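What follows is a set of notes on a single structure, which appears directly below.
There are 2 protein chains.
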Amino acid sequence: MAAIELADAEGVEAVTMRRVAQVLGLSPMALYTYVPGKAELLDLMVDTVYARMPRSMPADDGWRARAAAVADDNRALCRAHPWMAAVSTSRPPLGPGLMAKYEYELQALDSTGLDDVELNAALTHLLGFVQTFARMAADERAVQQDSAMSDKQWWAGNAELLARVFDPERYPTAARVGAAAGEAHSGAYSPARAYEFGLGRVLDGLAALIEKRTH
Amino acid sequence: MAAIELADAEGVEAVTMRRVAQVLGLSPMALYTYVPGKAELLDLMVDTVYARMPRSMPADDGWRARAAAVADDNRALCRAHPWMAAVSTSRPPLGPGLMAKYEYELQALDSTGLDDVELNAALTHLLGFVQTFARMAADERAVQQDSAMSDKQWWAGNAELLARVFDPERYPTAARVGAAAGEAHSGAYSPARAYEFGLGRVLDGLAALIEKRTH
DNA sequence: CGCGAACGCTATACATAGTACGGAGAATTG
DNA sequence: CAATTCTCCGTACTATGTATAGCGTTCGCG
Numbered sequence: 041m042a043a044i045e046l047a048d049a050e051g052v053e054a055v056t057m058r059r060v061a062q063v064l065g066l067s068p069m070a071l072y073t074y075v076p077g078k079a080e081l082l083d084l085m086v087d088t089v090y091a092r093m094p095r096s097m098p099a100d101d102g103w104r105a106r107a108a109a110v111a112d113d114n115r116a117l118c119r120a121h122p123w124m125a126a127v128s129t130s131r132p133p134l135g136p137g138l139m140a141k142y143e144y145e146l147q148a149l150d151s152t153g154l155d156d157v158e159l160n161a162a163l164t165h166l167l168g169f170v171q172t173f174a175r176m177a178a179d180e181r182a183v184q185q186d187s188a189m190s191d192k193q194w195w196a197g198n199a200e201l202l203a204r205v206f207d208p209e210r211y212p213t214a215a216r217v218g219a220a221a222g223e224a225h226s227g228a229y230s231p232a233r234a235y236e237f238g239l240g241r242v243l244d245g246l247a248a249l250i251e252k253r254t255h
Numbered sequence: 041m042a043a044i045e046l047a048d049a050e051g052v053e054a055v056t057m058r059r060v061a062q063v064l065g066l067s068p069m070a071l072y073t074y075v076p077g078k079a080e081l082l083d084l085m086v087d088t089v090y091a092r093m094p095r096s097m098p099a100d101d102g103w104r105a106r107a108a109a110v111a112d113d114n115r116a117l118c119r120a121h122p123w124m125a126a127v128s129t130s131r132p133p134l135g136p137g138l139m140a141k142y143e144y145e146l147q148a149l150d151s152t153g154l155d156d157v158e159l160n161a162a163l164t165h166l167l168g169f170v171q172t173f174a175r176m177a178a179d180e181r182a183v184q185q186d187s188a189m190s191d192k193q194w195w196a197g198n199a200e201l202l203a204r205v206f207d208p209e210r211y212p213t214a215a216r217v218g219a220a221a222g223e224a225h226s227g228a229y230s231p232a233r234a235y236e237f238g239l240g241r242v243l244d245g246l247a248a249l250i251e252k253r254t255h
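Protein chains in written order, with this note's numbering: chain C, 41 to 255; chain V, 41 to 255.
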């Protein structure tokens with residue numbers, strides 16, 4: 041789908057009926073011959089991308105490695121198509137691509153001793169984390185881009201606003217942690233680090249449940 | 041702010057410059073006297089709601105109870121103002137309300153033995169989970185409402201679409217788990233249950249880290 | 001007291017969305 | 001060959017955020 045390349049290159053907000061039509065060399069209204077409306081277009085885009093996802097799972101390194109692989113694949117997907125994190129929020133498109141993905145990812149977590157309902161909940165939990173992370177990363181990128189200034193400039197610009205609000209006396213913990221987090225962020229701390237942290241927490245959380253189930 | 045009540049009653053999409061002005065008995069452009077633009081209006085709404093959040097934390101039931109309380113408060117917030125989950129996604133407004141909330145919630149997790157960077161990451165992780173959950177719940181409600189049909193009707197309507205895609209032979213795991221999850225969902229399984237599951241996983245995940253830090 | 005400036009507000013207008021409607025030409029089919 | 005369907009297009013309507021210009025009131029200062 042041409043709309044996917046458009047979204048990859050210029051973001052979701054560029055995916056407009058008129059724009060997509062232009063890329064295809066058609067008139068805007070011609071699109072409605074193939075697609076009922078914009079919502080369905082987006083659904084199609086999502087399902088198509090799902091269908092194309094890489095599917096290569098280590099079969100025997102234990103559930104933890106498989107779950108991590110699932111998360112990594114989804115993160116890679118959101119990196120390749122940043123608009124996915126913002127779009128797939130509503131009801132899933134329920135197409136063949138999602139189906140295949142669902143099957144694949146369930147198998148990654150199967151044989152953990154969880155019952156079917158727990159299995160579904162665990163997968164949802166894992167994917168929810170990846171999506172939240174991807175969305176945060178995408179937002180950060182968007183802010184940096186449209187404000188057209190670096191982090192440092194932004195913090196400098198809002199310094200006096202911060203000073204009014206960020207009273208270290210009233211908010212000692214926030215001041216302390218905010219400073220540490222800010223420093224870490226501008227230093228060696230990267231989104232990759234945050235992802236690792238979160239994924240570790242999620243897997244540990246699932247591990248606690250799995251251990252309980254398998255005694 | 042009148043815009044907040046409007047959003048509570050009719051959703052974010054109803055928060056339109058013209059609509060808000062109408063509620064206030066003003067002309068649309070009069071709003072620009074008080075607010076630079078719509079983005080700032082939304083920021084103000086978010087920060088105001090943050091400032092009004094209930095803040096009553098059990099001081100001495102252990103970090104797990106405090107973290108659960110933080111999560112519950114945030115969930116309650118998203119239940120009272122469903123638009124929050126959809127709006128606060130971009131950069132936080134960085135106002136006094138957010139500041140107070142941040143301080144309060146950090147204190148809930150302080151004294152867990154985590155260093156400052158981890159503390160911030162842990163809180164982000166916890167809030168991220170709540171937001172993901174809230175967003176999923178809100179989406180579900182939205183779908184049910186605008187399709188104006190119950191879950192059963194929807195599944196019935198899409199049955200033949202599903203039949204084409206949901207081949208139990210190609211996707212055995214998905215069929216099995218999907219059936220179980222669907223049954224659980226229409227039965228006793230409720231969003232509340234899903235929330236409990238996810239929160240349990242998040243807290244267990246943090247517990248693993250905290251135990252490691254405190255030996 | 002009087003007058004000019006600032007303020008609060010309004011009306012109009014423009015750009016950009018999605019998409020409803022009706023029609024024109026081409027392709028397929030009976 | 002005729003008829004019907006399919007593909008596509010031009011126009012137009014609605015809703016949205018917001019720029020611009022102008023109106024009346026009020027307030028500060030001489």
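No residue lacks a Cβ here, since even glycine has one placed at the ideal position from N, Cα and C.
What you are looking at is a predicted structure, and each value in this text was computed from that prediction instead of being measured.
Range of the contiguous alpha helix (DSSP H) that encloses residue i
i	result
residue 92(V)	Run containing residue 92(V): none; DSSP gives neither H nor E here.
residue 113(C)	103–120
residue 41(V)	That residue, residue 41(V), is in no alpha helix (DSSP H); it is neither H nor E in DSSP.
residue 247(C)	231–253
residue 54(C)	Where residue 54(C) is concerned, there is no enclosing alpha helix (DSSP H), given that its DSSP letter is neither H nor E.
residue 127(V)	123–127
residue 71(C)	71–74
Residue i versus residue j: straight-line alpha-carbon distance, rounded
i	j	result
residue 166(V)	residue 222(V)	27 Å
residue 63(V)	residue 44(V)	11 Å
residue 66(V)	residue 135(V)	26 Å
residue 178(V)	residue 230(V)	14 Å
residue 218(C)	residue 236(C)	20 Å
residue 80(V)	residue 88(V)	12 Å
residue 176(C)	residue 132(V)	11 Å
residue 49(C)	residue 209(C)	46 Å
residue 127(V)	residue 255(C)	42 Å
residue 141(C)	residue 61(V)	46 Å
residue 78(V)	residue 52(V)	12 Å
residue 153(V)	residue 245(C)	19 Å
residue 234(V)	residue 240(V)	10 Å
residue 144(C)	residue 91(C)	11 Å
residue 238(V)	residue 216(V)	22 Å
residue 112(C)	residue 212(V)	24 Å
residue 247(C)	residue 104(C)	8 Å
residue 225(C)	residue 207(V)	47 Å
residue 102(C)	residue 151(C)	10 Å
residue 157(C)	residue 169(C)	18 Å
residue 54(C)	residue 118(C)	17 Å
residue 116(C)	residue 99(C)	20 Å
residue 180(C)	residue 82(V)	18 Å
residue 75(V)	residue 93(V)	23 Å
Residue i CB to nearest heavy atom of the ligand MN below 8 Å
i	result
residue 158(V)	The ligand MN is not part of the structure shown, which contains no ligands of any sort.
Secondary structure of residue i, DSSP reduced to three states
i	result
residue 99(V)	coil
residue 217(C)	helix
residue 151(V)	coil
residue 65(C)	coil
residue 81(C)	helix
residue 181(V)	helix
residue 209(V)	coil
residue 135(C)	coil
residue 222(V)	helix
residue 168(C)	helix
Pair within 9 Å by beta-carbon distance, residue i and residue j
i	j	result
residue 68(V)	residue 57(V)	yes
residue 159(C)	residue 149(C)	yes
residue 155(C)	residue 161(V)	no
residue 121(C)	residue 182(C)	no
residue 108(V)	residue 249(V)	no
residue 71(C)	residue 110(C)	no
residue 124(V)	residue 174(V)	yes
residue 147(C)	residue 97(C)	yes
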